[in-house]
Each structure stands twice: as C-alpha cells, then as structure tokens.
Amino acid sequence: MKRIKSLFIANRGEIAVRIIRACRELGVASVQAYSEADSESLAVKLADKSVCVGAAPSKESYLNQKVLIEAAKASGADAIHPGYGFLSENAEFAEECEKAGLIYVGPQASVIRLMGDKAAARRLASEAGVPITMGSPDPIKSAEEAVETGKRIGYPLLVKAAAGGGGRGMRVVSQESELKESIERAAAEASAAFGSDALYIEKYLSPVRHVEVQVIGDGKNIVHLGERDCTIQRRHQKLVEESPSPALTPQLRERLTASAVALARHVGYRSAGTLEYIVDAAKQEFYFIEMNTRIQVEHPVTEMLTGFDLVKMQIRIADGEPLPIAQNDVRFSGHVIECRINAEDPEKGFMPRPGVLSEYSMPSGPGVRVDSHAYPGYKLPPHYDSLIAKLLVWGSDREEALSRMQRALGEFQIVGVPTTIEFHKRLVGEPDFVAGDVHTRYVKEQMWAGHPTQHML
Amino acid sequence: MADTKVISEVTGSIWKVLVAVGDSVEADTPVILVESMKMEIPVLAPDAGVVAEVLVAVGDPVSEGQAVITLKT
C-alpha cells in the first residue's frame, strides 16, 4: 500500500468488522469510529484504534460528517471507508473527505451525486443503452403531469422519491383516483425523510425478480463479477441473495452483465458498485432501477462465487492501484446463497426487536461463511438496523447449497431476541423457492397469505 | 370509564405522536409511532376510548413494555 497506511471506518456493525479484516490482511491500521451505543461492539474490540464520535442517534455520530472527518484527521488516518448505509452514498461527504486530505474509499463524488439522483441515473442508463422501466424520465412537476403519465403507461404504477433508496420512499398506486393523494403524501414523506420532494413515476411490474450486477472498476477498466438474485424480500428489503440467479438464461445473463458494464463505463466508474434491475423472467427482459455506489450488504455472495476479496480491492483501488483483473480472469464456481439473520419477529410482521443475545452460536463446517458483529451477551442497540449476521453457504450446485443452508440454519443458535432463522428454514424448504419460481412479492403474497400481519410486509 | 395504558411492545424512540388529549380513538388504530432499528412501528390503541394522557414526547427513548398513552375506555 503506497498511500493508505491507516484507514478510518465511518460505519458500524458487521461491515465495520468486515473492513477491519480487510485492513489487517493488507497491513493497514484500522481506526474504528463508534457511537456511545457501540462502545462494546466487536468492531471496537477488533480495531487497532477506536474513537467515540458522538451519541447513539445516527445523526449525532455516524451521520455527523464534520465530527467524523475531524476524528479521522486527529487519528492520523489517511483514508475513510464509509461502508454501506449512513454516509456511503453522500457526495458531499466524499468531497469533504477529499478536501480534508483523506482518501475516500469509494467512487468519485461526481458519480455518487449523479447516481444518487434517480432521474439522472435513468437518463445516463438510457444514454448507455440500458433498458429502463417505462415512466417519467424526469421528476414530475405537478399532479396533472402525473395523471397524464399514468394515462400513458397504465396502472398500477410506482411513485418514487428521487432521493429515496433501499425500499424507502416508494408507493404503489393502483388507480388514477388514488394518484393525487399518493403524490401529495409521497412528496411530504420524501421531503421529511430525504430533504427533497422530487418524485418520479414508473410502471409497476409484477411478478418480477430483483437481480443486480456487481461491478468493480478503477475509473478506466471495468469488470462485472456476475449477478445476485435478491428476489426474496419483505417491505422492499432483501432477506435472501443468491448467485447465479436461477431465473437467468445464459443469453439473458450476458445481456444483463454487458449492460451493467456499459453503464459503469459510461460514467468512468471507480471502486465497487452495484446495478440493480428488475427482471421479467417470463419475457426474458430486464430494466435498470438504480446504481448503488458503495459496497453492499450482500457482497460476500460474489466473493464466495468468484474468490475475490471486494473490500480489499476497493481499498487497493482507492490507494491508486489499477484494477488487478480483466474480465476473462473472472471465474464463477458453484452456487452461493446468503440469508440475512435479523433481530425481527416474522410472526409479528417482521417487527424488529432489539435486546441482549443471551446465547449466540454460529454455524461452521464445509462451505459456510458467517459475517457478523454479534457475540454471546452482545446487546443489540435500538438505534440501528436489525441485522445480526449474514449466513452464506457455497455449494457445488444449487441443490447442495440449499441443503447446506438448511443444515447451517439448524446449527445457528440465538437466544434473547426473535430472529429470521425459522423463516429461512421454512423458505429453503418451500417447493417454489427450491424450484426458483419466486417473485418480489412472494413472501407477502404467497408465504404470508392469510397471515394476520400480511399487510405489514 | 376505566384507565387503559397503551404499551409500546418495542424498545426505541418516539417518532411521532398521532393523538392529543381529548381525541377519541377506535380500537386497533395507531396512536404513536416508535422508531426502532430504522423501522417505524405503530403502537395501537387496544380499545376504543378517549386520550386522557400522553406520557411521552417526540424523541423520548421508550422501553419494551412502557406505557405511552393513557386512554379512558
């Protein structure tokens, strides 16, 4: 490593632990930022140094740009890794880091800004020849314009906050009579949650799958590292990811991954990024949704399938090294599935539940990887997301991966909070899932059909 | 008329107070939104009644099992 000797981690939880591990293997010192709620976190225990950056609420700590940058500078770090969530897709933060003389481990601020604006991202996708869903190319300016767009593309349609993401700021409108009120409420919500009331409208397709493509680049060279199928969701948030997607033909995969590389190349992408698509498997069509300009929760799926370490690659690229691989160096082996183990009660509509993990024992054995920040006695704070662990399995084929996942889920012991473990056991045994015959509303509409909490999903 | 305590089932912080003293509420309608683990979780009135007391304010921390509203039912 030429420039990065010490890396400041402006994040928490399992991804902070993941970044510390990458640092250690690279011989880079790690400096962990933590809030008052995270002083007992595994990341703090593992890091070479740690710095308290504020109170438990995220806006006073993990979202506090000024304090984070000052703490990074004071610690002697050369670089900042933003992880995912928090400030990881905040162009201003990337700029401020660079202004302060800190290397930002991620893409160029200008690219973060472009891709963070959904309307701009759709326009760029069109320019690169990537198919997008039918809808308004730019944010809608009035309720009348929305009604006209609705007439043109048909119902149901999706009203989305331009600045939203991760399933937040979206609303399905099934008929014209609901449109005006939905727009008003969505604008108010978007304004409160994201600081911008810009909305756009697109055709709502169903049933569809959610498939994304991992790319990595150094600003000049770009490769894709295959897809991840993230169709199993609740509340528009992912629960399971796998690769290869059981729904893609080789031809469709070729078109999908080529389109991702085309768009990433169009913006001169640097670092790891993910392009999200909806896939209509029946029609063998796909549509670009958005690009995530950061490392993602589910990146280990790709790591296990390809053997590459994406976080180390990100740091090396930030250090100024060229992308170490060309497309024909990328080999895909076997099948990988990831289940998100969350502190949520599926029987209560996946309601999250913070608490103390009085018992915690992770599975291991052949083909198993667990990325987690949890340990026995760990207290999950209520201030942050409900992720406890990512359980991944590799199998020589999907069948082996499924049976291995069922075995690993059976070994996972967590006492003290409800978890999604039993949900995953059920899912992995569902004939539709085993057959790869699912869509993004499968959990809500099939598995939770008739359940009293179905409306919560 | 009896006093009924409306309980938050989850630890978190008060995101929104949806009712004021004197409001009539139906059973199973949300009276408070608690934010926990980045999710908004509604606290529902267990019975129909009139809001007698609001025991929390926006931003307050709340624990599992804590009363947030008193209803005259």
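Line by line, the protein sequences give chains A and B. So the number in our numbering is just where the residue sits in the first sequence, counting from 1, plus 12. So the number in our numbering is just where the residue sits in the second sequence, counting from 1, plus 3. Using N, Cα and C, we set each Cβ at its ideal position, and we do this for glycine too.
Residues that residue i contacts on chain B, provided the C-beta gap is smaller than 7 Å
| i | result |
| --- | --- |
| P394 (chain A) | T14, G15, S39, M40 |
Per-residue DSSP class, three states only, for residue i
| i | result |
| --- | --- |
| D357 (chain A) | strand |
| T7 (chain B) | strand |
| H222 (chain A) | strand |
| M303 (chain A) | strand |
| R246 (chain A) | strand |
| L47 (chain B) | strand |
| K41 (chain B) | coil |
| Y6 (chain A) | Lying outside 13 to 469, the shown extent of chain A, residue 6 (chain A) is not represented and no answer is given. |
| F298 (chain A) | strand |
| L317 (chain A) | helix |
| Q69 (chain B) | coil |
| S408 (chain A) | coil |
| D444 (chain A) | helix |
| D383 (chain A) | strand |
| S415 (chain A) | helix |
| T286 (chain A) | strand |
| L136 (chain A) | helix |
| G332 (chain A) | coil |
| F20 (chain A) | strand |
Whole-Å CB distance - residue i paired with residue j, under 8 Å assumed
| i | j | result |
| --- | --- | --- |
| L421 (chain A) | N354 (chain A) | Contact doesn't hold; Cβ gap of about 13 Å is too wide. |
| I152 (chain A) | I213 (chain A) | 6 Å |
| A470 (chain A) | I244 (chain A) | Shown here, chain A extends from 13 to 469; a query on residue 470 (chain A) therefore has no answer. |
| H61 (chain A) | E302 (chain A) | Rather than His, the amino acid found at residue 61 (chain A) in this sequence is Lys. That belief does not hold up - the Cβ atoms of K61 (chain A) and E302 (chain A) are roughly 35 Å apart, past 8 Å. |
| R352 (chain A) | L251 (chain A) | 5 Å |
| V117 (chain A) | A330 (chain A) | 4 Å |
Contacts that residue i makes with chain B (C-beta to C-beta distance below 8 Å)
| i | result |
| --- | --- |
| P514 (chain A) | Lying outside 13 to 469, the shown extent of chain A, residue 514 (chain A) is not represented and no answer is given. |
| D397 (chain A) | M40, K41 |
| M363 (chain A) | E12, V13, M42, I44 |
Length of the line joining the Cα atoms of residue i and residue j
| i | j | result |
| --- | --- | --- |
| E254 (chain A) | R240 (chain A) | 5 Å |
| A470 (chain A) | R221 (chain A) | For chain A, the structure presents residues 13 to 469; residue 470 (chain A) sits outside this window and is missing. |
| A270 (chain A) | V37 (chain B) | 44 Å |
| P64 (chain B) | L414 (chain A) | 41 Å |
| P430 (chain A) | D357 (chain A) | 5 Å |
| K456 (chain A) | S18 (chain A) | 45 Å |
| T286 (chain A) | V57 (chain B) | 45 Å |
| P256 (chain A) | T7 (chain B) | 54 Å |
| L114 (chain A) | I27 (chain A) | 20 Å |
| A5 (chain B) | H93 (chain A) | 55 Å |
| E160 (chain A) | K57 (chain A) | 57 Å |
| G25 (chain A) | S384 (chain A) | 8 Å |
| R183 (chain A) | K402 (chain A) | 28 Å |
| Y470 (chain A) | A461 (chain A) | With chain A represented from 13 up to 469, any question about residue 470 (chain A) goes unanswered, as that position is not in the structure. |
| D50 (chain A) | P393 (chain A) | 8 Å |
| I195 (chain A) | V171 (chain A) | 7 Å |
| L317 (chain A) | I349 (chain A) | 10 Å |
| I32 (chain A) | M13 (chain A) | 15 Å |
| E288 (chain A) | G52 (chain B) | 47 Å |
| I307 (chain A) | L21 (chain B) | 37 Å |
| C64 (chain A) | T145 (chain A) | 44 Å |
| H493 (chain A) | L322 (chain A) | Look at the range of chain A in this structure, 13 to 469, and you will see that residue 493 (chain A) is not part of it. |
| A103 (chain A) | A174 (chain A) | 15 Å |
| Y216 (chain A) | S186 (chain A) | 9 Å |
| S47 (chain A) | V225 (chain A) | 33 Å |
| E52 (chain A) | A205 (chain A) | 30 Å |
| R197 (chain A) | A158 (chain A) | 14 Å |
| Q296 (chain A) | V142 (chain A) | 15 Å |
| N76 (chain A) | R343 (chain A) | 40 Å |
| V46 (chain B) | S39 (chain B) | 12 Å |
| V71 (chain B) | I10 (chain B) | 6 Å |
| A284 (chain A) | P119 (chain A) | 8 Å |
| M24 (chain B) | A55 (chain B) | The amino acid occupying residue 24 (chain B) in the given sequence is Val; Met does not appear at that position. Cα-Cα distance, rounded: 5 Å. |
| Q95 (chain B) | D31 (chain B) | No information on residue 95 (chain B) is available, as it lies outside the stretch 4 to 76 that chain B covers here. |
| V380 (chain A) | W406 (chain A) | 7 Å |
| T465 (chain A) | C109 (chain A) | 44 Å |
inquiry  = Counting only Cβ-Cβ distances shorter than 7 Å, please list the residues of the stretch 27–48 of chain B near chain A, keeping chain order.
reply    = If you check each beta-carbon in the stretch 27–48 of chain B against every beta-carbon of chain A, the ones closer than 7 Å belong to S39, M40, K41, M42, I44.
ask   = Going along the chain, which residues of the stretch 202–223 of chain A sit with their C-beta nearer than 9 Å to a C-beta in chain B?
value = Residues of the stretch 202–223 of chain A with a Cβ closer than 9 Å to any Cβ of chain B: none.
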